[in-house]
Amino acid sequence: MYQTPITTKASTTPSMTSPLLSWRQFQLFDFTPIRDPNLNSTEPLYSDPTLTCINATTSTYLFIAVNNSTIKIINPKTLTCEGSFQAYDVDYRITFMEPVHNSNNLIVTLAENQGKPSVIKLWDITKMLNLHDNKDKKIEEADYKYEFQTQVLVSNQDNAYPISCFKFNYDLTCLAVGYTNGKVILIRGDLLRDRGSKQRVVYNNNGNDPITGIQFNEAENLLYVTTTGKILTISTSGKNQEKPTRVLSSKLGVDLNCNDIDQETQNLIVGVPDSIQFYDTINKISTINFETPKSKIFKFNKNFLLIISSQDSTEEKGSPRESDGKLLTRVLILDLVNNHISFNLLIPNNTTIFNAFLLSKDLYLLTNDGVLYKIHEKSINQQIEIILQRELFSVAFNLAKQSNLPNDTLLKIKNLQADYLYNEGKFDDSIDIYIECLELFGTDEGEEDIDEFIMNIITKFKEGVNVSNLTKFLIRLYEKSIANIDHITLLLCCYCKLKKVESLDKFIDELDLSSSSSSSTALNLQDLDFELIINLFKECGFYDQVLKLLNKLDQPNLIVDIQLNDLNKPKLALNFMKTLSIDDLLLILIDHSKNLLDSSPIETTELLINVFTGKYRPNENVEKILHTKQEEQREKSVELSNYRAFLNYLSLQQHDEDDQQQEQQKPTEEAEINQEPTYLPPKPNLIYASFTNHPKEFVIFLEASIEAFNKFEGNAIDKQETLLTLLEVYLSLDQTSESEGESEWLAKANSLCLEYSDLLDSQSLLLLSHLYDFKPGEVLAQEKTNNEIDLFITYTMNEDLENCFDLLYKYGDAKPELYKLMLNFVISQKKILDKLNKEDIQLILGKIKKFNLLSTLELIEILSAPSSDFITFGIIKDYLLEYFKNINQEIKNNEKLIEKYENESTKNSLKLNQLLNNQFVIKNNKCNNCGLKLDYPVVHFKCNHSYHTKCLVDPEICPLCN
8 MYQTPITTKA STTPSMTSPL LSWRQFQLFD FTPIRDPNLN STEPLYSDPT
58 LTCINATTST YLFIAVNNST IKIINPKTLT CEGSFQAYDV DYRITFMEPV
108 HNSNNLIVTL AENQGKPSVI KLWDITKMLN LHDNKDKKIE EADYKYEFQT
158 QVLVSNQDNA YPISCFKFNY DLTCLAVGYT NGKVILIRGD LLRDRGSKQR
208 VVYNNNGNDP ITGIQFNEAE NLLYVTTTGK ILTISTSGKN QEKPTRVLSS
258 KLGVDLNCND IDQETQNLIV GVPDSIQFYD TINKISTINF ETPKSKIFKF
308 NKNFLLIISS QDSTEEKGSP RESDGKLLTR VLILDLVNNH ISFNLLIPNN
358 TTIFNAFLLS KDLYLLTNDG VLYKIHEKSI NQQIEIILQR ELFSVAFNLA
408 KQSNLPNDTL LKIKNLQADY LYNEGKFDDS IDIYIECLEL FGTDEGEEDI
458 DEFIMNIITK FKEGVNVSNL TKFLIRLYEK SIANIDHITL LLCCYCKLKK
508 VESLDKFIDE LDLSSSSSSS TALNLQDLDF ELIINLFKEC GFYDQVLKLL
558 NKLDQPNLIV DIQLNDLNKP KLALNFMKTL SIDDLLLILI DHSKNLLDSS
608 PIETTELLIN VFTGKYRPNE NVEKILHTKQ EEQREKSVEL SNYRAFLNYL
658 SLQQHDEDDQ QQEQQKPTEE AEINQEPTYL PPKPNLIYAS FTNHPKEFVI
708 FLEASIEAFN KFEGNAIDKQ ETLLTLLEVY LSLDQTSESE GESEWLAKAN
758 SLCLEYSDLL DSQSLLLLSH LYDFKPGEVL AQEKTNNEID LFITYTMNED
808 LENCFDLLYK YGDAKPELYK LMLNFVISQK KILDKLNKED IQLILGKIKK
858 FNLLSTLELI EILSAPSSDF ITFGIIKDYL LEYFKNINQE IKNNEKLIEK
908 YENESTKNSL KLNQLLNNQF VIKNNKCNNC GLKLDYPVVH FKCNHSYHTK
958 CLVDPEICPL CN
């Protein structure tokens with residue numbers, strides 16, 4: 008299986024022991040031999056046989072030292088000499104030449120002359136070129152050597168020993184010089200600003216061990232020093248009595264040019280005949296086993312290590328023949344981060360590498376035959392392509408990641424790796440890589456891209472043998488919140504096929520619905536294909552799991568459906584339903600209460616009553632209730648016909664459960680009496696259809712609903728509808744009753760009509776009464792609609808004398824015409840008249856007279872009709888005597904009134920004559936309205952009242968006499 012290590016920072020130090028033979032080899036660099044354009048001319052460049060040094064600034068100049076003390080500045084692009092100058096006296100030989108770190112114009116040179124102090128100079132190349140090109144201020148060739156920036160003289164006693172190595176730190180404040188007699192001199196000072204310097208011997212092994220290498224550890228102010236026999240560190244600060252700070256290796260020495268510093272880690276890298284070793288300031292930290300002679304190592308570009316190895320051609324080929332005297336040079340570039348060989352070049356024909364240096368991040372090698380080799384790193388895309396051709400996907404991925412390539416490139420590599428593994432039949436490894444691909448899809452990738460990728464994986468792993476791998480992939484999709492509804496459904500299907508009950512339980516338990524409601528793209532798990540999932544779970548027998556999942560997804564209706572229809576456990580369903588909110592419960596009751604009534608009529612009726620009367624309170628323990636393995640107890644068969652009997656039965660059941668110490672307890676009637684509804688009770692008619700085959704339970708429910716209406720003063724219209732429904736059920740049960748005489752149900756119907764006559768709708772009551780031949784209902788309906796006359800006529804047609812009189816007594820005064828109708832009825836037949844006594848006749852005649860319904864003449868005409876020949880005068884004798892008596896009294900009264908009116912008329916005539924004919928004296932001198940003294944204009948009335956004109960509303964009428 009290919010694993011891709013992902014680190015925050017690449018380490019350039021290999022593992023503790025890593026044999027180079029196990030490293031893969033690639034050709035990730037291009038090499039180009041560049042011959043000296045001035046070869047064989049009088050002015051050669053780097054092919055000059057007198058060349059002693061070659062190096063370059065960061066990106067601008069290539070410079071060489073020839074003829075011992077002359078420096079030539081070369082344009083690396085055109086390979087032309089842009090200038091040259093004599094840097095030292097002719098008896099000095101330039102042996103070291105290094106650019107100042109990250110500088111394009113400053114270089115440091117060191118020249119030696121045996122028996123004289125060595126000279127270190129700092130040069131500004133740009134300045135020197137300007138001097139060379141300035142024709143106005145031409146200086147002598149011999150004077151160029153004085154145009155340095157800084158100069159330091161280094162003395163080693165009699166200067167009899169040559170310098171073997173020379174290094175300086177980053178800011179050129181500390182320089183170290185190593186000699187072949189085992190001495191190291193440290194020079195401190197600000198050379199960039201020419202502020203002077205001091206030097207001292209920091210190490211001396213008394214000529215026993217030549218110095219082969221010096222490197223600065225600037226992080227800890229130390230020098231790494233290698234000799235032919237030791238590796239050690241020396242402090243660059245303070246006094247050390249020429250003794251090392253620590254000996255890193257006392258048994259192993261290092262050849263000249265076979266050490267370098269890792270600028271990233273500040274670790275020392277040394278090349279010994281059998282290996283490449285890495286040291287920190289304390290000890291050796293790792294080794295690369297590589298047994299071959301090494302003439303030079305060079306660390307460059309963060310993670311690359313150049314190794315130059317020169318050896319006899321026979322050794323190279325591994326042949327036992329005698330040597331042919333030819334020397335072969337092998338150039339290796341190691342990638343210390345990815346542990347592979349990035350470049351391998353064999354240079355034949357006795358060619359050796361003279362020097363190696365960097366220019367514009369390209370590596371340049373100068374050979375002894377004057378050829379300059381340019382080694383250029385291929386583009387990262389080319390490198391990855393080369394590696395991918397060898398199907399080394401992890402290497403390509405690491406390289407791409409270290410180069411900060413975009414995610415689409417990383418994704419492409421991972422996808423190729425996964426496809427390769429899949430085609431090789433390594434399905435487990437392949438799915439792991441496909442899962443890693445998911446991490447590389449970012450926000451930049453379109454939704455279609457990732458959907459296509461996911462669909463491709465699902466298609467590949469859909470076969471039965473790969474279901475476990477597909478499951479692993481789907482789990483990761485879900486964990487990353489990029490799974491859609493189809494993926495979740497497929498994941499659940501995979502769990503079922505694999506019979507992974509524990510995984511299924513864990514998935515359901517950890518299902519987080521909070522992230523499907525917060526984001527606009529959040530997954531809406533309510534869109535799951537419940538029918539498919541339920542069928543699959545049922546097929547596998549995972550009822551506990553499907554119930555738990557549906558409960559998590561808030562699908563109580565489906566839960567009850569499974570409990571009822573699949574598990575056939577109505578008790579379990581009822582217990583679960585009692586844990587739901589009223590809204591969810593109501594929807595379920597509408598769908599399933601009919602089946603529940605068939606299996607558990609009493610408990611279902613109780614639940615319906617609680618819900619529709621506002622008494623329902625949900626329970627809490629859902630998990631235990633959802634457990635399908637609990638035993639189901641069937642409900643006892645008990646026949647109850649009214650709500651009171653139902654409550655008594657529930658109370659007895661409650662006592663039995665208390666005696667058995669059951670965990671779940673039902674509220675007693677006494678505890679429920681004073682409970683106020685916590686929600687608006689639904690309309691009872693929502694559930695009527697469920698009682699089709701359970702009329703007695705329907706009666707109990709309706710009676711409980713009416714009692715709740717009475718108690719909490721519910722909606723009058725709903726109560727009216729409930730009353731009519733209950734009346735209809737009563738009458739229906741009466742028709743099916745086998746009892747003789749008036750049944751219990753008919754009595755209840757009569758009682759209901761009498762108690763709630765004001766609430767019963769007349770039209771509906773009349774219709775029900777007609778359908779079920781319920782006479783009391785018809786009467787009540789006619790009365791409620793003020794159809795007393797029609798009802799009276801109905802009674803007369805049925806010769807129902809008793810009801811006629813009842814109606815007459817009840818509504819006669821409100822509707823007097825009933826008396827007239829009653830008279831016509833009683834005289835219509837002799838047998839009817841014979842049933843009445845004298846008082847009944849007189850009552851009817853008296854009311855007719857009182858309300859003046861008939862004149863006496865009209866009454867006589869009715870009674871003397873030919874069809875009423877059986878009527879005798881005695882019936883109206885008393886009526887006529889009373890009538891004549893009243894007439895005589897009325898005549899007498901009228902005569903008295905006439906006499907009185909005549910007397911009053913005579914008196915009034917006399918008064919009028921006096922007013923018209925006789926003058927009258929005004930005696931009043933004050934206004935009868937305001938009481939002030941009269942002044943003009945005034946009005947005098949003959950009634951002796953006087954007024955100011957302004958005090959009158961109408962001057963024609965006296966206000967007092969009107």
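Each residue of the sequence shown is one higher than the one before, starting from 8 at the first, in the numbering used here. From the three backbone atoms N, C-alpha and C, an ideal C-beta is built for every residue, glycine too.
Using 10 angstroms around the beta-carbon of Q396, count the other beta-carbons present and answer buried if the total reaches 16, otherwise exposed.
Exposed: under 16 other Cβ atoms inside 10 Å.
DSSP three-state call for N810: helix, strand or coil?
Note: N810 maps to helix in three-state DSSP.
Name the one or two DSSP bridge partners that S125 has.
Note: S125 sits in a beta bridge opposite V161.
I think Y210 touches N188, with their Cβ atoms under 8 Å apart; what is that distance to the nearest whole Å?
Not quite, the Cβ-Cβ distance comes to about 11 Å (not below 8 Å), so this is no contact.
As assigned by DSSP and simplified to three states, the class of G90:
In this structure, G90 counts as strand in the three-state DSSP scheme.
Skipping 5 residues on each side, what residues in its chain have a beta carbon closer than 8 Å to that of K333?
So the qualifying residues of the chain are D319, S320, P355, N356, N357.
Rounding to the nearest angstrom, what Cα-Cα distance links D98 and S91 in this structure?
S91 has its alpha-carbon roughly 18 Å from the corresponding atom of D98.
Use the C-beta contact count for N895: other C-beta atoms within 10 angstroms, 16 or more gives buried, fewer gives exposed.
Exposed.
So, with DSSP's three-state summary, where would you put R200?
Correct three-state label for R200: coil.
Report yes or no: do the segment 482-502 and the segment 537-556 share at least 3 C-beta pairs separated by less than 8 Å?
Touching, yes, given that three or more Cβ pairs across the two stretches are closer than 8 Å.
For a test of the three-state rule: what should DSSP assign to V946, helix, strand or coil?
V946: strand per DSSP, three-state reduction.
Note the first and the last residue of the continuous alpha helix (DSSP H) segment covering H952.
Counting along the chain, H952 falls outside any alpha helix (DSSP H), and DSSP gives it neither H nor E.
In angstroms, rounded to a whole number, what distance separates the CA positions of L352 and G196?
Roughly 42 Å separates the two Cα atoms.
Relative to the alpha-carbon of F583, which residue among K555, D605, T879, I609 has its alpha-carbon at the smallest distance?
The shortest C-alpha separation from F583 is found at K555.
Can you tell me which of the three DSSP states L967 falls into?
Coil, per DSSP.
Can you tell me whether Q672 is buried or exposed? The criterion is at least 16 other CB atoms within 10 Å of its CB, across all chains shown.
Because the pLDDT of Q672 is 44, which lies under 50, any placement of that residue in the model is unreliable, and the question is left without a value.
Using a Cβ-based criterion (distance less than 8 Å to any ligand heavy atom), does H947 qualify as near the ligand ZN?
With respect to the ligand ZN, the structure shown offers nothing to examine, as it has no ligands at all.
Restricting to Cα atoms, I'd like to know which of K291, V115, A363, L275 is closest to I314.
If we check each option's Cα against that of I314, A363 comes out closest.
In or out: F361 buried (at least 16 other Cβ within 10 Å) or exposed?
With 16 or more Cβ atoms within 10 Å of its Cβ, F361 is classed as buried.
For L511 and I566, what's the separation of their Cα atoms in angstroms?
Per the coordinates, the alpha-carbon of L511 lies some 18 Å from the alpha-carbon of I566.
Coarse secondary structure for I315, derived from DSSP in three states:
I315: strand per DSSP, three-state reduction.
Can you grab the Cα-Cα spacing for the pair L828 / F812, in whole Å?
Cα to Cα, L828 sits roughly 11 Å from F812.
Beta-carbon proximity check, I132 vs V161, cutoff 9 Å
Not closer than 9 Å, so no.
Excluding five sequence neighbours on each side, which residues of the same chain lie with their C-beta closer than 8 Å to the C-beta of L7?
As shown, the chain starts at 8 and ends at 969. That puts residue 7 outside it, with no answer to give.
Per DSSP, which residues does H383 bridge with? Please list them.
For H383, which the question treats as bridged, DSSP gives the partners D37.
Taking a contact to mean a Cβ-Cβ separation below 9 Å, would you say Y286 touches N296 in this structure?
9 Å or more divides the Cβ of Y286 from the Cβ of N296.
Measuring only the C-alpha atoms, how far is N215 from V254?
Taking the straight line joining both Cα atoms gives about 16 Å.
At which residue ranges does the segment 558-590 contain complete alpha helix (DSSP H) runs of 4 or more residues, listed in the order of the chain?
List check, alpha helix (DSSP H) in window: 563-568, 577-584.
Check whether S256 and K291 have beta carbons under 9 Å apart:
In contact: S256 and K291 (Cβ atoms closer than 9 Å).
Kindly list the residues whose CB is nearer than 7 Å to the CB of Y53, restricted to its own chain and excluding five residues on each side of it in sequence; keep chain order.
Only D43, I61, I71, L373, G377, L379 meet the Cβ criterion.
Excluding sequence positions up to five away, which residues of its chain have a Cβ less than 7 Å from the Cβ of C965?
By the criterion of a C-beta distance shorter than 7 Å, C965 is surrounded in its chain by F948, C950, H952, once the five residues flanking it on both sides are discounted.
When DSSP labels each residue in this structure, what does R624 get in the three-state scheme?
Three-state DSSP puts R624 in coil, outside helix and strand.
Pair within 9 Å by beta-carbon distance, N176 and F103:
Not in contact: N176 and F103 (Cβ atoms no closer than 9 Å).
Using the DSSP secondary-structure output, state which residues sit across from H347 in a beta bridge.
Answer is R31, D342, bridged to H347.
Candidates P40, Y686, L560, P106, of which the one nearest D519 by Cα:
Taking each of P40, Y686, L560, P106 in turn and checking the Cα distance to D519, the smallest one comes out for L560.
Look at the alpha carbon of A652 and the alpha carbon of P702, and state the distance between them as a whole number of angstroms.
Distance between the alpha carbons of A652 and P702 is about 15 Å.
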